[in-house]
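One structure is given here, and the rest of the page talks about it.
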Amino acid sequence: MDTIKIMLADDNQGMLKILEDYFRAKSDIRVVASVTDGAQVMAAVCQHMPDVLLLDLIMPRKDGFSVLEELHTLAPGMRPRVIVLTGLLRDDFVAQAFEYGVNYYMVKPFDLNILYRRICSVAKDGILAPLRMEELAERDDGDGDKVANIFLMLGIPAHIKGYQYLREGVKMVLGDHDIINRITKELYPGIAKRCHTTPSKVERAMRHAIQVAWSRGRIDSVNRMFGCEVFSENDKPTNGEFIALIADKIREAAQKSA
């Protein structure tokens, strides 16, 4: 594939201009259409036959999920690969998008260079291409958002208590690595104090969240993001091992991108 044809669907005119200006400078990318109304997406897809559709979830008249549902009425050869670009980082939205066959999910604000690489990867392979840890570290969001991205990819639902406790635990270990060696005396009590609960409930909720992640079978995606096999489906880590590993990988990635 020499030139990748992409179509933009976003009701934010400013975002469309940024994307159009950026891709105009890419010799291997051609923007074939830009629409701001969800009800216009299907007609534009049928007319322009893009290879990749960059789709916002919130648009007038027809939202992104309705568009994704409509795309499934097309023959496979006419259906573009889809990258969702949205400001919505919700576990249920991410899960629903992938159920509709979305190839990649990016949360605004995002790095345009990373988006370009994702488009090239999706257009070539048509498969989910998770962010590498180095790319995650390049983003301007805080450690909490980096952790949230990893947990979403693992399949840990954002609404369960263990998600919040694990996230706090990783952030605490990033601030003080040695605290992982005092998990029962300092880490669990520290999280419990922040979240107004008890250390025993923190420990149980963390263990449940890790069990949920391993039952959802997304370990391979996270291993690809890390660039090596750090998790095994048959070898579920303890709470401390899980927290320490996530914190170490985020720290390593930040050092590489510095």
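Under this note's numbering, the first residue of the sequence shown is numbered 35, with each subsequent residue one higher. Heads up, the beta-carbon is just placed ideally off N, CA and C, and yes, glycines get one too.
6 angstroms Cβ shell around residue i - same chain, five flanking residues per side excluded
| i | result |
| --- | --- |
| LEU42 | LEU50, LEU53, SER68, LEU88 |
| ARG113 | LEU105 |
| ALA281 | VAL204, VAL207, LEU208 |
| THR232 | ALA226 |
Straight-line gap, residue i to residue j (C-alpha atoms, nearest Å)
| i | j | result |
| --- | --- | --- |
| ILE153 | LYS219 | 47 angstroms |
| ILE40 | ALA182 | 29 angstroms |
| ARG250 | GLU133 | 13 angstroms |
| ILE63 | THR37 | 5 angstroms |
| SER272 | CYS80 | Contrary to the premise, residue 272 reads as Thr rather than Ser in this sequence. One C-alpha to the other measures close to 50 angstroms. |
| LYS227 | LEU123 | 26 angstroms |
| CYS229 | ALA239 | 12 angstroms |
| LYS235 | ILE194 | 12 angstroms |
| TYR222 | ASP97 | 42 angstroms |
| GLY135 | LYS270 | 28 angstroms |
| GLU168 | LYS283 | Because GLU168 sits at a pLDDT of 42, beneath the cut-off of 50, its placement in the model cannot be relied upon, and the point is left open. |
| ILE184 | ASN137 | 17 angstroms |
| ASP55 | ALA129 | 31 angstroms |
| HIS242 | PRO191 | 11 angstroms |
| GLU275 | SER61 | 45 angstroms |
| ALA157 | GLN47 | 25 angstroms |
| LYS142 | ILE148 | 12 angstroms |
| MET76 | MET140 | 21 angstroms |
| THR107 | GLU202 | 43 angstroms |
| GLY224 | ARG285 | 21 angstroms |
| PHE144 | GLU263 | 26 angstroms |
| ALA59 | GLY196 | 45 angstroms |
Local Cβ density within 10 Å of residue i, reported as buried at 16 or more and exposed below that
| i | result |
| --- | --- |
| ILE92 | exposed |
| PRO84 | buried |
| LEU200 | buried |
| ALA109 | exposed |
| ARG115 | buried |
| ALA131 | buried |
| LEU102 | buried |
| GLN245 | exposed |
| GLN198 | buried |
| GLY111 | exposed |
| ILE161 | Reliability fails at ILE161, whose pLDDT of 45 lies under 50, so the model's placement of it is uncertain and the value that follows must be treated cautiously. Answer is exposed; the Cβ neighbour count stays below 16. |
| GLU237 | buried |
Residues sharing a beta bridge with residue i, DSSP
| i | result |
| --- | --- |
| LYS39 | ARG64 |
| ARG113 | The partner list for ARG113 (beta bridge, DSSP) is empty, contrary to what the question assumes. |
| SER17 | As shown, the chain starts at 35 and ends at 292. That puts residue 17 outside it, with no answer to give. |
| VAL69 | ALA43 |
| SER266 | ASP269 |
Cβ-based neighbour list, residue i, same chain, cut-off 7 angstroms, excluding 5 preceding and 5 following
| i | result |
| --- | --- |
| ALA278 | VAL207, ILE214 |
| GLN74 | none |
| PRO94 | ASP45, ASP71, GLY72 |
| ASP175 | For ASP175, the pLDDT reaches just 46, beneath the cut-off of 50, and the residue's location in the model is therefore unreliable, leaving the point undetermined. |
| ALA78 | MET41, ALA67, VAL69 |
| VAL65 | ILE40, LEU42, GLU54, PHE57 |
| VAL86 | ILE38, ILE40, PRO114, ARG115, ILE117, ILE153, VAL156, ALA157 |
Beta-carbon proximity list for residue i, same chain, < 8 angstroms, skipping 5 on both sides
| i | result |
| --- | --- |
| PHE127 | LEU91, THR120 |
| SER266 | ILE253 |
| SER100 | GLY72 |
Exercise. At 4 residues or longer, and completely inside the region 204-229: list those alpha helix (DSSP H) runs for me, N to C.
Key: 222-229
Exercise. Enumerate, from N- to C-terminal direction, the unbroken alpha helix (DSSP H) stretches of 4 or more residues contained entirely within the region 87-160.
Key: 98-105, 125-133, 146-159
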